[in-house]
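Below: one structure, written as structure tokens.
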Amino acid sequence: QVQLVESGGGLVQAGGSLTLSCAASGRAFAANAMGWYRLAPGKQRELVARISSSGANTYYTDSVKGRFTISRDNAKNTVYLQLNKLKPEDTAVYYCNFVVGVAAWGQGTQVTVSS
């Protein structure tokens, strides 16, 4: 059974930083591309960033380019998202998941950015 556990969210002021972590189990983590997604009130869940299985290739949605960094540690079955220069519009619940063969969503981690 796949389990995804996100952590690291919180309340920060605009311009601040956070580091999110996601621990995955129940599937061959190192063989799968991973993504970070977010769900804001009144909006659809969107892919924020993704990283290839080896970590060599990354993708970012335009709104976070230059501010967010995705990384992974395959030895720890963990994917990270470094959030810098946060803006109020980054406020959302952040989730991780596999890019192919999306698993059941975890509980997510709330990021709230105050202006």
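Our numbering runs 1378 ahead of the 1-based position in the sequence shown.
C-beta atoms are modelled at their ideal positions from N, C-alpha and C, and glycine is treated no differently.
- Around the beta carbon of E1384, 16 or more other beta carbons lie within 10 angstroms, which makes this residue buried.
- For W1483, no beta strand (DSSP E) run applies, since DSSP gives it neither H nor E.
- By the criterion of a C-beta distance shorter than 7 Å, T1447 is surrounded in its chain by Q1460, once the five residues flanking it on both sides are discounted.
- Cβ contact annotation for K1421 (same chain, cutoff 6 Å, sequence separation greater than five): none.
- For G1404, there is no enclosing beta strand (DSSP E), since its DSSP letter is neither H nor E.
- Only residues of its own chain outside the window of five on either side were considered, and among them Y1415, L1417 have a CB closer than 6 Å to the CB of R1423, listed in chain order.
- Ranking P1419, R1405, D1451, A1411 by CA distance to the CA of Y1437 puts A1411 first.
- Within the DSSP secondary-structure output, D1451 pairs in a beta bridge with T1456.
- Q1488 sits away from G1386, with the two beta carbons spaced by 8 Å or more.
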